[in-house]
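Below: one structure, written as structure tokens.
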Amino acid sequence: MGTRPLHLLHSPEEVLLPRRSPLRRVRRGQRGLTRSSCGFYDTRESHFDWRRSTMTLRIVVAIVGLLLLSAISIDGVSAHHSYLLTVQQLRAGLTKAPSMPQKGFILVDVRSAEEHARGFIPGTDLNIDFKEIHARHREIGAQLEDHLVVYCQSGHRSNIAAETLADLGYRHVYNVTGSMNAWLAAGYPVESGRN
Numbered sequence: 023m024g025t026r027p028l029h030l031l032h033s034p035e036e037v038l039l040p041r042r043s044p045l046r047r048v049r050r051g052q053r054g055l056t057r058s059s060c061g062f063y064d065t066r067e068s069h070f071d072w073r074r075s076t077m078t079l080r081i082v083v084a085i086v087g088l089l090l091l092s093a094i095s096i097d098g099v100s101a102h103h104s105y106l107l108t109v110q111q112l113r114a115g116l117t118k119a120p121s122m123p124q125k126g127f128i129l130v131d132v133r134s135a136e137e138h139a140r141g142f143i144p145g146t147d148l149n150i151d152f153k154e155i156h157a158r159h160r161e162i163g164a165q166l167e168d169h170l171v172v173y174c175q176s177g178h179r180s181n182i183a184a185e186t187l188a189d190l191g192y193r194h195v196y197n198v199t200g201s202m203n204a205w206l207a208a209g210y211p212v213e214s215g216r217n
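Using this note's numbering, the letters of the sequence shown map in sequence onto residues 23 to 217.
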């Protein structure tokens, strides 16, 4: 209503405001806000291109993500992970075939020797403390394709042992969920002494 089109400006550096504005002409590049009859005009110039900035940000995030993924794979994180097995599934497997060659898996107690002596699941093939599983895994006598089942008192230490065995290349490692606590809660039998 009171402004002239841009092509009618006296100088290409001037920006026109409505006629009622006390500061009708403001030089381009002048800092701050100028009041007019219809509000405020921001007279600051912005050379920041938001579209280019967000694209750059996306590229940087993608590159950082790729670097993190490659760093993780270089550190040797295994693609193989352990599986979970319930005490009911373990009991069914032990009931079908109690001896190691018949049952098709190796059952390992990863608790301490003292805990193992107080009681263990019948059919346990050997006892290796979870802290020593990396150094003593060859004592299990298993091939990388053999099925290994590990248990402890609650499932925490056996989870660590299972992941360690999976990282060593064993492809079929099972952690008994709840381990001895779940076995006892289900009322299943326990053997004591050393095997």
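Glycine included, each C-beta is placed from N, C-alpha and C at the ideal position.
Neighbourhood of residue i by C-beta distance below 8 Å, restricted to the same chain and skipping five residues each side
i      : result
ALA208 : VAL109, GLN110, ARG113
GLY177 : ASN197, VAL198, THR199, GLY200, SER201, ASN203, ALA204
ASN181 : SER104, ASN197
LYS125 : GLY115, LEU116, LYS118, ALA119, GLY145
Residue interval of the alpha helix (DSSP H) (run including residue i)
i      : result
HIS288 : Outside the displayed range of the chain (23 to 217) lies residue 288, so it cannot be described from this structure.
HIS178 : 178-189
ALA135 : 135-140
Residue i versus residue j - alpha carbon distance
i      : j      : result
HIS138 : ILE85  : 50 Å
TYR231 : SER121 : With the chain covering only 23 through 217, there is no way to say anything about residue 231.
LEU166 : LEU129 : 15 Å
GLY115 : THR146 : 12 Å
ILE155 : SER214 : 22 Å
GLY163 : PHE127 : 11 Å
GLY141 : GLU185 : 24 Å
Residue interval of the beta strand (DSSP E) (run including residue i)
i      : result
ASP131 : 128-131
Cross-strand partners of residue i (DSSP beta bridge)
i      : result
HIS169 : HIS194
LEU106 : ASN197
LEU112 : DSSP lists no partner for LEU112.
LEU89  : DSSP, once it has assigned bridges, lists no residue as partnering LEU89.
ASN149 : ASP131
Own chain partners of residue i with C-beta closer than 6 Å, once the 5 adjacent residues on each side are dropped
i      : result
SER100 : Confidence at SER100 is low in this model, with a pLDDT of 45, below 50, so the placement of that residue should be treated as unreliable; the coordinate-derived value is given next. If we look at SER100 and ignore the five residues flanking it on each side, its Cβ neighbours are ALA188, ASP189.
PHE152 : VAL132, ARG179, ILE182, ALA183
Other residues of its chain near residue i: CB distance less than 7 Å, five sequence neighbours each side excluded
i      : result
ILE150 : VAL130, VAL132, ARG158, GLU161
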